[in-house]
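Each remark here refers to the structure printed beneath this line.
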Amino acid sequence: MKRYLWPLAIFVVMLGFLGMGLQLNPRDVPSPLINKPVPSFRLPTLAAPDTLVAPQDLRGQVWLLNVWASWCVACQQEHPVLMDLAKTSAVPLIGLNYKDQRHLALNWLGKHGNPYKTTLFDMDGRVGLDFGVYGVPETYVIDKQGVIRLKFTGPVTPEAVREKLLPLMNELGA
Amino acid sequence: MRVFLMTLLLACVLGAGGVGAQTPTDSQATPLSADPALEARVLKIAEELRCLVCQNETIAASQADLAKDLRQQIREQLTQGRTQPQILEFMSQRYGDFVLYRPPLQLSTVLLWAGPFVLLLVAAGVLLMNIRRRDPSTEPSPLTPAELQRAQRLLDDAGGTP
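Here it is in structure tokens:
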């Protein structure tokens with residue numbers, strides 16, 4: 001009898017691992033940039049091609065970087081959440097318009113509303129690459145020293161704002 | 001289940017890979033460089049890298065836009081004279097060790113590297129134990145003279161008929 005129980009026990013253990021594996025989100029790839037300084041960049045803003053913004057310009061305050069694009073359907077999904085956040089929070093929300101076209105991006109903001117204090121225009125996605133962007137939308141929390149403290153991949157949900165972003169931003173002294 | 005798998009496959013082929021992530025679909029493929037030797041080097045490095053959009057594909061095999069961008073990045077860095085280890089380092093600094101198909105040996109990956117060999121050792125141990133423990137009573141014992149006689153008789157009988 002005992003020898004028949006062994007394979008069953010092994011099967012149950014494997015089932016447990018399988019169940020655990022199914023709970024994990026394969027998109028949650030830990031970013032190596034957490035607790036690292038923001039990659040350096042110098043990008044024109046979406047509104048004014050001649051205005052260049054670098055991370056140093058945002059030093060001394062907690063800020064959010066949200067990677068979005070007009071071709072990104074999931075960005076529309078999170079958009080109301082960002083609009084809400086922009087209204088209720090003093091933390092500057094900076095957009096990174098990723099691999100987009102200027103007129104399409106501007107149209108998109110005109111149509112859906114603009115929650116961003118500034119949007120940086122990353123046409124060829126090079127700055128996105130330095131941030132390790134692989135799925136838009138992505139959201140980063142950056143502290144006063146210019147260090148990335150959190151990366152959120154996928155559309156931001158009200159729960160994520162309440163349970164992750166706001167507590168962290170408060171902790172960082174925003 | 002099959003429908004689910006097909007959907008998953010389709011999602012990956014389209015490079016969309018789920019609700020949470022997207023890549024642009026309207027952009028053009030990056031033009032291949034004219035130099036086939038350079039292209040071969042690009043592909044060799046791209047085969048070491050995982051595409052994070054379609055996670056079971058290499059950067060070399062994936063048609064997702066991210067993969068195209070990263071192939072272009074490899075191409076540029078090679079033309080600038082950077083080496084394969086430098087380029088792999090560049091990628092893992094941005095996307096983490098997960099992007100490497102050959103993860104580095106470190107504390108968190110010890111099980112990954114040593115696991116198969118540990119399992120092999122355990123299996124060999126179990127096999128050895130089983131062989132040693134085998135009950136000698138189940139071994140065939142030599143025939144008694146009576147049994148031998150009977151066998152001989154049976155064989156003779158069988159030989160008698162065509």
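Chains as they are written, first to last, in this note's numbering: chain A, 1 to 174; chain B, 1 to 162.
Even glycine gets a Cβ: it sits at the ideal position worked out from N, Cα and C.
As the structure is a computational prediction, the values presented were derived from the model and not from experiment.
The beta-bridge partner set that DSSP reports for proline 37 of chain A consists of A:Val147. Around the CB of methionine 91 of chain B, 16 or more other CB atoms lie within 10 Å, so the residue is classed as buried. One alpha carbon belongs to methionine 14 of chain A, the other to serine 141 of chain B, and they sit about 42 Å apart.
Taking a cut-off of 8 Å for Cβ pairs, the region 106-114 of chain A and the region 125-145 of chain A do not touch, as fewer than three such pairs fall below it.
In this structure alanine 64 of chain B is in contact with cysteine 51 of chain B, their Cβ atoms being roughly 6 Å apart against a cut-off of 8 Å.
Between lysine 99 of chain A and alanine 69 of chain A the beta-carbon gap is near 6 Å, inside 8 Å, which marks them as a contact. Sequence-distant partners of valine 156 of chain A (beyond 5 residues in either direction) whose C-beta falls short of 6 Å from its own C-beta, in its chain, are Glu78, Val81, Thr139.
If you draw a straight line from the Cα of glycine 96 of chain B to the Cα of valine 12 of chain A, it is about 33 Å long.
Within the DSSP bridge table, the entry for leucine 43 of chain A names A:Val53 as partners. Glycine 16 of chain A counts as exposed, since fewer than 16 other beta carbons sit within 10 angstroms of its beta carbon.
As a beta-bridge residue in DSSP terms, glycine 95 of chain A pairs with A:Asn66, A:Thr119. Closer than 7 Å to the CB of glycine 16 of chain A there is not a single CB belonging to chain B. Excluding the 5 residues flanking it on each side, leucine 93 of chain A has same chain C-beta neighbours closer than 7 Å at Leu64, Asn66, Leu82, Leu85, Ala86, Pro115, Tyr116, Lys117, in chain order. Residue environment for asparagine 56 of chain B: exposed (fewer than 16 other C-beta atoms within 10 angstroms of its C-beta). Under the DSSP assignment, isoleucine 131 of chain B falls outside any beta strand (DSSP E), being part of the alpha helix (DSSP H) whose first and last residues are 110-133.
Going by C-alpha positions, glycine 60 of chain A is about 49 Å away from proline 36 of chain B. The residue from A:Leu58, A:Pro55, A:Pro44 with its alpha-carbon nearest to that of leucine 120 of chain A is A:Pro44. In the three-state reduction of the DSSP assignment, leucine 100 of chain B falls in the strand class, which pools E and B. If you draw a straight line from the Cα of leucine 150 of chain A to the Cα of methionine 129 of chain B, it is about 52 Å long. Membership of valine 141 of chain A in any alpha helix (DSSP H) is not indicated; the residue belongs instead to the beta strand (DSSP E) covering 138-142.
Counting the other CB atoms within 10 Å of its CB gives alanine 124 of chain B a total below 16, which places it among the exposed residues. Neighbours of leucine 66 of chain B across chain A, judged by C-beta separation under 7 Å: Tyr134. CA-to-CA, the gap between leucine 33 of chain A and glycine 128 of chain A works out to about 12 Å. For chain A, the residues of the region 77-101 of chain B that bring a beta carbon within less than 8 Å of one of its beta carbons are Ser92, Gln93, Arg94, Tyr95, Gly96, Asp97, Phe98, in chain order.
Flagged as an interface residue toward chain B: proline 32 of chain A, by a C-beta distance shorter than 7 Å.
The Cβ atoms of isoleucine 45 of chain B and glutamine 84 of chain B lie closer than 7 Å to each other.
Asparagine 97 of chain A and tyrosine 4 of chain A have their C-alpha atoms spaced approximately 60 Å apart.
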